[in-house]
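Everything in the sequence shown is counted per my numbering, starting at 232 for the first residue and increasing by one. Using N, Cα and C, we set each Cβ at its ideal position, and we do this for glycine too. Take a look at the structure set out below.
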Amino acid sequence: MQKKIMYHAAIYLRLSRDDEDIDGSAKRESDSISSQRELARSFVREQPDMELFDIYIDDGYSGANFDRPDFKRMMADIENGNVNCVVVKDLSRFGRDYIEAGRFIQKTFPAFSVRFIAITDHYDSLTADQSTTSLVIPVKNFVNDSYCQDISEKVKSHQRVKREKGKFIGAFAVYGYQKDHEDKNKLVIDEYAAKIVKNIFTWKLDGMSNLAIANRLNENGIFSPLEYKKSHGEHYSTGFQAGIVSKWSAVAVKRILTNEIYTGMMVQGKREKVNYKVDKILEKPESEWFKVEGTHEAIISKEDYQNVQRLLKVDTRAGKGKEKAHMFSGLLFCGDCKEPMVRRINRYRGTEKIYYICSTRNRSEGCSRHSIPETDLKRVVFQIIRSQVTLLMDVNRQMQYLQTKEMNFEDVVGFDKEITRLRNEQEKYLELRAGLYEDLKTGIITQTDFKNFSKIYEKQYIETEKALTRQEDMLKKLFYNGVQSGVKLERLKETMQIATLDRDTLLAFVDRIEVYEEKKVSVQFCYQEEMEKMLVLSEFLSSQSEVVKEVI
Numbered sequence: 232m233q234k235k236i237m238y239h240a241a242i243y244l245r246l247s248r249d250d251e252d253i254d255g256s257a258k259r260e261s262d263s264i265s266s267q268r269e270l271a272r273s274f275v276r277e278q279p280d281m282e283l284f285d286i287y288i289d290d291g292y293s294g295a296n297f298d299r300p301d302f303k304r305m306m307a308d309i310e311n312g313n314v315n316c317v318v319v320k321d322l323s324r325f326g327r328d329y330i331e332a333g334r335f336i337q338k339t340f341p342a343f344s345v346r347f348i349a350i351t352d353h354y355d356s357l358t359a360d361q362s363t364t365s366l367v368i369p370v371k372n373f374v375n376d377s378y379c380q381d382i383s384e385k386v387k388s389h390q391r392v393k394r395e396k397g398k399f400i401g402a403f404a405v406y407g408y409q410k411d412h413e414d415k416n417k418l419v420i421d422e423y424a425a426k427i428v429k430n431i432f433t434w435k436l437d438g439m440s441n442l443a444i445a446n447r448l449n450e451n452g453i454f455s456p457l458e459y460k461k462s463h464g465e466h467y468s469t470g471f472q473a474g475i476v477s478k479w480s481a482v483a484v485k486r487i488l489t490n491e492i493y494t495g496m497m498v499q500g501k502r503e504k505v506n507y508k509v510d511k512i513l514e515k516p517e518s519e520w521f522k523v524e525g526t527h528e529a530i531i532s533k534e535d536y537q538n539v540q541r542l543l544k545v546d547t548r549a550g551k552g553k554e555k556a557h558m559f560s561g562l563l564f565c566g567d568c569k570e571p572m573v574r575r576i577n578r579y580r581g582t583e584k585i586y587y588i589c590s591t592r593n594r595s596e597g598c599s600r601h602s603i604p605e606t607d608l609k610r611v612v613f614q615i616i617r618s619q620v621t622l623l624m625d626v627n628r629q630m631q632y633l634q635t636k637e638m639n640f641e642d643v644v645g646f647d648k649e650i651t652r653l654r655n656e657q658e659k660y661l662e663l664r665a666g667l668y669e670d671l672k673t674g675i676i677t678q679t680d681f682k683n684f685s686k687i688y689e690k691q692y693i694e695t696e697k698a699l700t701r702q703e704d705m706l707k708k709l710f711y712n713g714v715q716s717g718v719k720l721e722r723l724k725e726t727m728q729i730a731t732l733d734r735d736t737l738l739a740f741v742d743r744i745e746v747y748e749e750k751k752v753s754v755q756f757c758y759q760e761e762m763e764k765m766l767v768l769s770e771f772l773s774s775q776s777e778v779v780k781e782v783i
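This is the structure we're talking about:
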């Protein structure tokens, strides 16, 4: 007579935060952990050959994979021989990945002689026939997997809509901000953290390295972003944490310095999961990020943000024993080899002479010294900036008068050589494209050549069209709104008041300084294109004798 088997049952319960009906409504009460428990315990009590070993609960875990703590604990008990029967409410509670679920039900459990029961699906591996195991179970698991995929797509779609509208959807606000208590999808400034962010940007503009900024923050006892969130009771974790107590680091400082969200621009969607089954996160190219302007109050001006981005691209390390880099750090380059210039100090009998030389020459790798004393460099650069500012202020005065008169924008365009050149280039591509038809008719080119050249000319025409539109928009903006639409007028006025060059003024106007032999200096301005358009306006205004007479 065959000995009767006694089953030591494991009740497995699972509920995900994402569990909801496919129509989007809240999941019905019967799927709650408590109702699952009562149903399963009642079932086990009614079985004469079954006794409860333990209950395993994964509350808040997705069914898309089996990486769940209590499921792993249950499997350990199965492997140790403590459990030989698994009871679940239905197959969806067990898991929604039909491949993995099928592997457990049809291979893993039989290998350990484990009986599997899904109560409301009326499945019991002990009594199920081949068709139920081979056909019905895979189909149900596939439906559950499809449900999980459907939920994933709905969540992604919902998040996309919110991102496109500039609504914040992150679990935690970025350092410097906090979620609005009345609208969790909106960011408001955290006054304390925002002050730290401002200091970080200010110190960077002053010439401090990222590491020097991190050291200063740590010395002043400023909590890192992670510790700051913890101090406010937020259960925040990050893969960047290196120790028990997280400290500021050069990397943490750089993450703040390169985050455009501080300018009032909502930036989201930088990363995404591979799919709903895999937890791996992929970095997305910036072209695919969601950016929406003006969604929240800015902590940093766009001007300061852009200046910092320029500095981050070049070496701005401070000299030995110093916290800050020199005034021209990150801006000064050799005019011939285009490598950065290096600062040198000659000390003799209590005096010192500071000068700059080409770094390539300094390494004995060619080029020439391009030597220039710092005093001469400051004087020349300051003169160039003051000259440019004077011109812009003069243009602004003329523009203020211009706005009181009826002037035709197309008349101004005639003075813009770049716009004229682009318009002529457009005409050239149109003529070339038209000539292709004649060449095709006369047999000079083949049909294949015709298609290839047509594509080339079309592409060049479109690219020229984009460049032309950009140039015209820039000129139109200056024409109708004045100089302040291209360059901050207040900054121009401030510069006219200073007597010597300082780093703030340098960063506000200068993008790059190149030094050639014989101390020749070339300055490339941050607003180079806008300034060129202002010169066009100046040329136009000068041609209007009435305007010149009235303004002067």
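Legend entry - S753 (DSSP reduced to helix, strand or coil): The answer is strand: DSSP assigns S753 an E or B state.
Inset, instruction - Answer with buried or exposed for I729, where buried requires no fewer than 16 other C-beta atoms within 10 angstroms of its C-beta. - result: Answer is exposed; the Cβ neighbour count stays below 16.
Legend entry - Beta-carbon proximity check, D289 vs D301, cutoff 7 Å: D289 places its beta carbon less than 7 Å from that of D301.
Legend entry - Candidates R268, R245, I336: closest to R299 by CA position: Ranking the options by Cα distance to R299, first place goes to R245.
Legend entry - Cβ distance (whole Å) where F175 is taken to contact R743 below 8 Å: Residue 175 is absent from the model: the chain starts at 232 and stops at 783.
Inset, instruction - Indicate whether the contact test is met: 3 or more Cβ pairs, each with one atom in the region 647 to 659 and one in the region 667 to 677, closer than 8 Å. - result: When Cβ pairs closer than 8 Å are counted between the two stretches, the region 647 to 659 is seen not to touch the region 667 to 677, the count staying below three.
Legend entry - Residues that I810 bridges to, as DSSP identifies them: Residue 810 lies beyond the range of the chain shown here (232 to 783); nothing can be said about it.
Inset, instruction - Give me whichever residues DSSP pairs with Q691 in a beta bridge. - result: Under DSSP, Q691 takes part in no beta bridge, so it has no partner.
Legend entry - Simplified DSSP assignment, three categories, for A404: In the structure shown, A404 sits in coil (DSSP, three-state: anything other than H, G, I, E or B).
Legend entry - Local conformation of D360 per DSSP, three classes: Coil.
Inset, instruction - Count the CB pairs spanning the region 495 to 503 and the region 514 to 530 that are closer than 8 Å, and state whether there are at least three. - result: Segment contact: the region 495 to 503 against the region 514 to 530, three or more CB-CB distances shorter than 8 Å; contact assigned.
Inset, instruction - Could you give the DSSP three-state label for Q614: helix, strand or coil? - result: The three-state reading of DSSP puts Q614 in helix, counting H, G and I together.
Inset, instruction - May I have the straight-line CA-CA distance separating N313 from K461, to the nearest angstrom? - result: Near 40 Å, if we compare the C-alpha coordinates of K461 and N313.
Legend entry - Rounded straight-line distance, which links the Cα of Q537 to that of E491: Cα-Cα distance, rounded: 9 Å.
Legend entry - L737 to F756 span [Cα, whole Å]: Cα-Cα distance, rounded: 10 Å.
Inset, instruction - Quick one: measure Cβ to Cβ for I309 and V275, integer angstroms, because I've assumed they're closer than 8 Å. - result: Actually they are not in contact, since the Cβ atoms of I309 and V275 sit about 16 Å apart, beyond 8 Å.
Inset, instruction - State buried or exposed for T695, treating a residue as buried only when at least 16 other CB atoms are found within 10 Å of its CB. - result: A residue is called buried once 16 or more other Cβ atoms fall within 10 Å of its Cβ, and T695 is buried on that count.
Legend entry - Between the CA atoms of K533 and Y243 - distance to the nearest angstrom: Rounded to the nearest whole angstrom, the CA to CA distance from Y243 to K533 is 54 Å.
Legend entry - Reduced DSSP secondary structure (H/G/I, E/B, other) of E282: Three-state DSSP puts E282 in a strand.
Legend entry - Straight-line Cα distance separating P516 from V482: Across the structure, V482 and P516 are spaced so that their CA atoms are roughly 20 Å apart.
Inset, instruction - Compute the distance between the beta-carbons of S480 and L457, then report whether it is under 7 Å. - result: Their beta carbons are not under 7 Å apart, which means S480 does not touch L457 by this criterion.
Legend entry - Rounded separation between V612 and T731 - CA only: If you take the alpha carbons of V612 and T731, they lie about 10 Å apart.
Inset, instruction - Using the DSSP secondary-structure output, state which residues sit across from T582 in a beta bridge. - result: According to DSSP, which records beta bridges pairwise, T582 is partnered with Y579.
Legend entry - Contacts around R324, its chain only, beta-carbon distance under 6 Å, and the 5 residues preceding and following it disregarded: Contacts found: R245.
Inset, instruction - Classify Y354 as helix, strand or coil using the three-state DSSP reduction. - result: When secondary structure is reduced to three states using DSSP, Y354 falls in the strand class.
Inset, instruction - Report the partner residues of I420 according to the DSSP bridge assignment. - result: I420 is bridged to Y408.
Legend entry - Backbone secondary structure at A730 - three-state DSSP: The three-state secondary structure of A730, taken from DSSP, is coil.
Legend entry - Cut-off 7 Å between Cβ atoms - residues of its own chain near Y668, not counting five sequence neighbours on either side: Taken in chain order, the list of residues that qualify is empty.
Inset, instruction - Indicate whether at least one CB of chain C lies closer than 7 Å to the CB of D421. - result: Chain labels in this structure do not include chain C; a single protein chain is all it has.
Legend entry - Closest residue to A295 among E331, S266, P279 (Cα-Cα distance): Closest option to A295, Cα to Cα, is E331.
Inset, instruction - Identify the continuous alpha helix (DSSP H) that holds L784 and give its terminal residues. - result: The structure shown has nothing for residue 784, since the chain only spans 232 to 783.
Inset, instruction - Per DSSP, which residues does K522 bridge with? Please list them. - result: Partner(s): V498.
Inset, instruction - State buried or exposed for D206, treating a residue as buried only when at least 16 other CB atoms are found within 10 Å of its CB. - result: This structure leaves residue 206 out entirely; the chain is present only between 232 and 783.
Inset, instruction - Please check the pair K410 and I400, which I expect to be a contact at CB under 8 Å, by giving their CB distance rounded to whole angstroms. - result: At roughly 11 Å, the Cβ-Cβ gap does not stay under 8 Å, so K410 and I400 are not in contact.
Legend entry - Counted within 10 angstroms of its Cβ, other Cβ atoms place I588 as buried (16 or more) or exposed: Taking a 10 Å sphere around the C-beta of I588, we find 16 or more other C-beta atoms and assign the residue as buried.
Inset, instruction - For E656, I'd like the list of residues in its chain whose CB is within less than 6 Å of its CB, leaving aside the five on either flank, ordered along the chain. - result: Within the same chain, E656 has close Cβ partners T695.
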